[in-house]
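In mature numbering (1 follows the signal peptide of the UniProt record, and there is no 0), the protein residues as written are -21 to -1, 1 to 79.
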């Protein structure tokens, strides 16, 4: 193999290692697409999940599971209802760890 062949092989190996470590999407793993809804009926809420920013998604996500198999909704974390829910969950977690 000549010098040209070695240069091509090294270029291919270099490109492969560079592409392997290149992040494809900065925040491509968020569960909520778009800003989310402003509010849902409180009576329909079965469960609430709050996902804080991480390596996968740089946004805070508030995901509400609805009763009667109505699915899941993403609340806009800046909405009034989402702020109330986040404060309640935060308080419940604080009290849970205080009683341990």
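Built from N, CA and C at the ideal position, the CB exists for glycine as well. The structure presented is a predicted model; accordingly, all values stated were derived computationally and were not measured.
Spatial neighbours of residue i in its chain, beta-carbon cut-off 8 Å, leaving aside the 5 residues before and after
{"i": "residue 116", "result": "Only positions -21 to 79 of the chain appear in the structure, and residue 116 is not among them; the question remains open."}
Residues of its chain near residue i, where Cβ-Cβ distance is below 7 Å and the 5 sequence neighbours each way are ignored
{"i": "residue 65", "result": "29 and 41"}
{"i": "residue 8", "result": "35 and 36"}
Opposing strand residues paired with residue i [DSSP bridges]
{"i": "residue 28", "result": "42"}
{"i": "residue 16", "result": "54"}
Residues near residue i in its chain [Cβ-Cβ closer than 6 Å; skip 5 each side]
{"i": "residue 46", "result": "23 and 25"}
Outcome for residue i when other beta-carbon atoms lying within 10 angstroms are tallied against a minimum of 16
{"i": "residue 63", "result": "exposed"}
{"i": "residue -7", "result": "exposed"}
Quick one: any contact between the segment 42 to 59 and the segment 6 to 23, if contact means 3 or more CB pairs under 8 Å? Between the segment 42 to 59 and the segment 6 to 23, the count of C-beta pairs closer than 8 Å reaches three or more; the two stretches touch.
So within the segment 39 to 79, which uninterrupted alpha helix (DSSP H) runs reach at least 4 residues, ignoring any that extend past its ends? 59 to 77
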